[in-house]
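Participant: Input: one structure, supplied below.
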């Protein structure tokens, strides 16, 4: 193996690692704010990918109807819990209706990458806070284990619904742009540059949001001290909804970025999400920079293992978690319910 | 006019009663203290009033029943609790802790931050420091400052002197007296009965979840049972 191959493998690993990094960040975020291990993250990747691919081919994505159904359910759940009816109606009935109208109008026109990506994000992202309101808000005081079981259930339901709404065939979209960049022996395809650029921009955006806006600080405060946050009047349900929305958006965006590179099936998301999860675990579910570094390492490990032993690439990546867990358990880091 | 009225409030942890049929009132701008031994249910009482714990009985704020109002709604109406464990955002800066204290009122411009800094100059000096690195007294000041950022009409303080050195305790009680002079009503829970009765107008003695004595703070401080149980011979 020569240096060119190494360079190609590293490049490949970093591009994939960037996607895993986004997913790992959203997993850490959701866990910190809500204590939910966001298992259905992978479904948001698949939904984002397949919704974008459908729009890319000029057809109406089936997930549109799922968005409307989840919105209606979330509205009912909110009204039962005596939430503000007007605001609930706007966020969970009007919003999906507007998105549906726009999609039905724009999809047949093949409006281009930017509009398609925006539509796919608008269709998939709101599902996450709806799911939070339907499934997780009533469990806000439950233990981490109960929340995990609920998250697994949501994952299974969404994977099943993915088969219903997208069908068993895989989809692939055309690349965002067909340019490429040559750096010596290396050729960086345009899609890889898109992935790296958008990932970096998104991370900078998240940094700004959490570092400099009061809402971002409120989310951090919820993660640092839940009771303290409630005592200053930060509604934990609202923080949870925002965290889920961010995770949903990040998942969908990852899917949109990936689907021009590889064929995505309704159940492809899980393994992609699991790699983000591996990175988040390696970083101890607590550190954002740690999660990004771990995700890049996972990406590079994956690309090298697919070169040397492609049949075992998933095995190698997921086995990497075991020594880390051992090391962590020896160092005894207790994460669950520290504040209670 | 009472800003807070609590009527026959009971709180239980499962089958174990912690507070039983407690009634008390805090007049507008008044300073009322609840004293009593460890485990008497003082913190439970404050947590129930703030809505952190579910309770039976009636709680009225400004004459309106709070019913099942959540913590956020109570903050919005003008209630604030400084809990026993302070519950600060340890990994965030002092300034961020204070800003978040005004989270519910972020759309109303106001000079709250400057007012809090004026009251606690130490916090201004430390504003860029992480809350977790503060000393015990500074943490208590930050917790009180954070609560004041919401412009409360009723400030509930849970053991503000707990774990502090005597000199700092004196500072904290001086600040409590200063705060009271700004017109905010205060409900003060304390084990340090002597200091609490000195600043308060009225006191309640809570023992094993029930009010066993109540009256003017001055009268309570002279009551032989209180002197014997809480104030010692000195």
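Protein chains in written order, with the working numbering: chain X, 1084 to 1423; chain W, 131 to 364.
Where a beta carbon is used, it is the ideal one built from N, C-alpha and C, also for glycine.
Every value quoted in this text rests on a predicted model; they were computed, and no experiment measured them.
#1: Mind checking the region 1309-1343 of chain X against chain W and listing, in chain order, the residues whose C-beta falls within less than 7 Å of any C-beta there?
#2: Is it buried or exposed for residue 351/W, if we count other Cβ within 10 angstroms and need 16 for buried?
#3: Name the chain X residues whose beta carbon is nearer than 8 Å to that of residue 222/W?
#4: Check the Cβ of residue 231/W against every Cβ in chain X and list those closer than 7 Å, keeping chain order.
#5: Determine the closest residue to residue 1216/X out of 1322/X, 1256/X, 1090/X, 1197/X, with distance taken between C-alpha atoms.
#6: Going along the chain, which residues of its own chain have a beta-carbon closer than 7 Å to the beta-carbon of residue 1118/X, five neighbours each way excluded?
#7: Give the residues from the region 284-312 of chain W that approach chain X closer than 8 Å (Cβ to any Cβ), ordered along the chain.
#8: Below 7 Å between beta carbons is the criterion; list the residues of the region 272-284 of chain W that meet it against any residue of chain X, in chain order.
#9: So, with DSSP's three-state summary, where would you put residue 210/W?
#10: Could you give the first and the last residue of the continuous alpha helix (DSSP H) run that contains residue 348/W?
#11: Strictly under 8 Å for the Cβ-Cβ distance: is residue 99/W near chain X by that measure?
#12: Whose C-beta lies closer than 8 Å to the C-beta of residue 140/W among residues of the same chain, with five residues either side of it excluded?
#13: Check whether the Cβ of residue 1297/X lies closer than 8 Å to any Cβ atom in chain W.
#14: Are any of the Cβ atoms in chain X nearer than 8 Å to that of residue 201/W?
#15: Give me the Cβ distance between residue 1331/X and residue 1208/X, rounded to the nearest whole Å; I'm assuming they're in contact under 8 Å.
#16: From residue 1340/X to residue 230/W, what does the alpha carbon distance come to, in whole angstroms?
#17: If you pair each beta-carbon of the region 1273-1293 of chain X with each one of the region 1088-1102 of chain X, do three or more pairs fall below 8 Å?
#18: Consider the Cβ of residue 211/W: report whether some Cβ of chain X lies at a distance smaller than 8 Å.
#19: Bridge partners of residue 1303/X, per DSSP?
#20: Using the C-alpha atoms, what's the distance from residue 1149/X back to residue 1186/X?
#21: Please list the terminal residues of the continuous alpha helix (DSSP H) segment that includes residue 1337/X.
#22: Near residue 1366/X, what residues of its chain come up, given a Cβ to Cβ distance below 6 Å and the 5 sequence neighbours on each side ignored?
#23: Just tell me which of 222/W, 158/W, 315/W, 142/W has its CA closest to the CA of residue 338/W.
#24: So what does DSSP say about residue 150/W, is it helix, strand or coil?
#25: Would you mind working out which of 1400/X, 1234/X, 1395/X, 1260/X sits nearest residue 1382/X, comparing C-alpha positions?
#26: From residue 1201/X to residue 200/W, what distance separates their C-alpha atoms?
#27: Taking only beta-carbon positions, decide if residue 358/W is within less than 8 Å of chain X.
#28: Determine which residues of the region 254-269 of chain W have a Cβ less than 7 Å from any Cβ of chain X, and write them out in chain order.
#29: Could you spell out where the beta strand (DSSP E) holding residue 1131/X opens and where it closes?
#30: When the Cα atoms are used, what is the spatial distance from residue 1398/X to residue 197/W?
#31: At a CB-CB cut-off below 7 Å, which residues of chain X make contact with residue 236/W?
#32: Under the DSSP definition of a beta bridge, which residues are partnered with residue 191/W?
#33: What does the Cβ neighbour count give for residue 255/W, buried or exposed, with the cut at 16 atoms within 10 Å?
#34: For residue 164/W, report the span of its beta strand (DSSP E) as first-last.
Facilitator: In short, the structure shows the following:
#1: 1310, 1311, 1313, 1314, 1315, 1316, 1317, 1318
#2: buried
#3: 1300, 1303, 1304, 1307
#4: 1315
#5: 1322/X
#6: 1227, 1230
#7: none
#8: 276, 280
#9: strand
#10: 347-352
#11: Only positions 131 to 364 of chain W appear in this structure, which leaves residue 99/W out of reach.
#12: The beta carbon of residue 140/W lies closer than 8 Å to those of 147, 149, 150, 151, 152, 185, 186, 187 in the same chain, with the five residues before and after it left out.
#13: yes
#14: Yes, its Cβ sits closer than 8 Å to a Cβ of chain X.
#15: 5 Å
#16: Approximately 36 Å between the Cα atoms of the pair.
#17: yes
#18: Yes, residue 211/W lies at the interface with chain X (some Cβ there is under 8 Å from its Cβ).
#19: According to DSSP, residue 1303/X shares a beta bridge with no other residue.
#20: 14 Å
#21: DSSP places residue 1337/X inside the alpha helix (DSSP H), whose first and last residues are 1319-1341.
#22: 1373, 1374, 1377
#23: 142/W
#24: strand
#25: 1400/X
#26: Straight through space, the alpha carbons of residue 200/W and residue 1201/X are spaced by roughly 37 Å.
#27: no
#28: none
#29: First-last for residue 1131/X: 1124-1139, but that is the alpha helix (DSSP H), not the beta strand (DSSP E).
#30: 56 Å
#31: 1297
#32: 134/W, 194/W
#33: Answer is exposed; the Cβ neighbour count stays below 16.
#34: Start and end: 161-165.
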